[in-house]
Amino acid sequence: MLKPARNKEKDPEGRMPLAEHLRELRNRLAKALLAIVVVTIVAAFFYMDIISFFTEPILKSVGCKESFEQLANTSTEKTCAQITINGLLTPFTLALKVSLMAGVVLASPIWLYQLWAFVAPGLHRHEKKYAYAFVATGFPLFLMGAFFAYKVLPATAKVLIEFTPFGVDNLLPLDDLLDLVTRMVIVFGLSFELPLLLVMLNFSGAITGKRMLGWWRGMIMGITVFAAVATPSTDPLTMMALAGPIWVLYFLAVAVSLVNDRRRRLREAMGPADDEASDLDLTPEDIGEVETVSASRALPEQASTDRVNGYDDVT
C-alpha cells in the first residue's frame, strides 16, 4: 500500500523535505506504470486490429493481390510486395511489442498528468500558465505530424517499391515495416514541434521575433533539406507534404513572437508587474545635520551614575 506523500498541509510555495519528494516521485511513477500495464493488457486483445490499422494503407498501395506463383505465370510488369513474418517466435514478440507501444501511447494522458502533478507544485503561477499553453499546443501539433506521416506512407511505399528489379519478389517483414511506420510518425510529429520550440525560446527571452524573421531564408532552406532527408521517397510531393506545413507553422511562430515582443515592451514601459521586484536605488545620500535629542529622565538607580552626553553605563 503506497503511503500518500502529501497528507500534511501543503506549503504555498510547493516546498517539501527530500524524503517527501522521493516518496512523491515513487507514488507518481507507480501510478504511471500501473496505467501503462493496464492499457497494454487491454491493447493485447486488439493487437491484430492495431497492426491492420497501420499496414492496410501500405497494402492497398503496394500489396500483391495475387500470389508470387500467379505473378510469375503472368507477363505483367507490375511491382508489388507481400508482408511476411520470419521466425516461430516473431508473432508472439510482435504482439508484445505492438501492445506495449499502444499501452504507452494510449496511457500518455495519465502518465503525463502524473509527471505534471510532480513538477507543478514547484512552478510559479505565470510558469504554470505558460506550461499549460505549451502542453495544450504541443500535443495537437504532434498529432498533426503523425497524421501527415500516416497519409504520406502509402505514396512513399509506392515510390520505393518501384526500385525493385524486374523478376525479383519483394517481401516486407512486418516487424521492419512497423519500425519504419513508428520512425516516420515520431520524425513527423517532432518536426511539427519546431515552431513551439521557437516560441518557448522567445517567451524565455532567448531570441526575439525580429531575429527569427531575419532567419526566414535559412529556415526555409533548412526545413526543405530536413524534409528531403526525413522522407525516404524521392518524389517532391512527399517532401512538400512535410515541408509545407512546417513553413506555415514557422511563420506563425514568428508572428506570435513579434506580438509577444511588443507586449513585453509595453509592459516594461508601464513598470514592473505585481509579482516582480522594483529596481531600488542604493546610492548613499547625505542625511544632513544631526538633530540633538534631549536625554530622558534618570531612573533612581541611575541618580549617582556619571553621565556622558546624557547617557550612562546602565542604559
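If you read the sequence shown in the working numbering, its first letter stands for residue 2, the second for the next number, and so on. Built from N, CA and C at the ideal position, the CB exists for glycine as well.
Asked: For Gly104 and Ala82, believed in contact at Cβ under 8 Å, the rounded distance; Found: In fact, because the Cβ distance is near 29 Å, the residues do not count as touching under 8 Å.
Asked: Inside the segment 95-174 only - beta strand (DSSP E) runs reaching at least 3 residues; Found: 171-174
Asked: Between the CA atoms of Phe252 and Leu202 - distance to the nearest angstrom; Found: 15 Å
Asked: Residues of its chain near Ala254, where Cβ-Cβ distance is below 6 Å and the 5 sequence neighbours each way are ignored; Found: Pro196, Leu199 and Val200
Asked: As assigned by DSSP and simplified to three states, the class of Thr85; Found: strand
Asked: Span of the alpha helix (DSSP H) around Pro196; Found: Leu195 to Phe204
Asked: Beta-ladder partner(s) of Gly64, from DSSP; Found: Ala82
Asked: Rounded straight-line distance, which links the Cα of Ile42 to that of Ile247; Found: 36 Å
Asked: Inter-residue spacing [alpha-carbon to alpha-carbon] between Lys4 and Lys129; Found: In this prediction, Lys4 has a pLDDT of 49, which is less than 50 and means its spatial position is unreliable; what the coordinates show is noted afterwards. Their Cα atoms are separated by approximately 27 Å.
Asked: With 16 other Cβ atoms within 10 Å as the buried cut-off, status of Phe143; Found: buried
Asked: Below-8 Å beta-carbon distance, Ala150 vs any chain D residue; Found: Considering every chain present, this structure includes no chain D. It has just one protein chain.
Asked: Candidates Ala231, Gly210 and Ala228, of which the one nearest Val260 by Cα; Found: Gly210
Asked: Reduced DSSP category for Phe189 - H, G, I as helix; E, B as strand; rest coil; Found: helix
Asked: Cβ distance (whole Å) where Thr80 is taken to contact Thr165 below 8 Å; Found: 5 Å
Asked: Segment contact flag, the segment 18-37 with the segment 144-151, C-beta cutoff 8 Å, min 3 pairs; Found: no
Asked: Residue closest to Leu175, alpha-carbon to alpha-carbon, out of Pro141, Val99, Gly223 and Ala132; Found: Val99
Asked: Nearest-angstrom Cβ-Cβ length linking Ala368 and Gly190, presumed shorter than 8 Å; Found: Residue 368 is absent from the structure shown; the chain starts at 2 and stops at 316.
Asked: Run of the alpha helix (DSSP H) containing Leu90, from where it starts to where it stops; Found: Leu90 -> no alpha helix (DSSP H), and no H or E assigned at all.
Asked: DSSP state of Phe47 mapped onto helix, strand, coil; Found: coil
Asked: Own chain residues within Cβ distance below 8 Å of Met241, not counting five before or after; Found: Ala228
Asked: Euclidean distance between Cα positions of Arg7 and Leu116; Found: Reliability of the predicted coordinates at Arg7 is poor, the pLDDT of 48 falling under 50, and the value obtained from them is presented with this limitation in mind. Going from the Cα of Arg7 to the Cα of Leu116 covers about 16 Å.
Asked: His22 to Leu30 span [Cα, whole Å]; Found: 12 Å
Asked: For Met185, the nearest candidate out of Met222, Ile221 and Pro155 (CA to CA); Found: Pro155
Asked: Euclidean distance between Cα positions of Ala20 and Arg27; Found: 11 Å
Asked: Own chain residues within Cβ distance below 6 Å of Lys32, not counting five before or after; Found: Gln115
Asked: Residue burial classification, Ala207 (beta-carbon count within 10 angstroms, cutoff 16); Found: exposed
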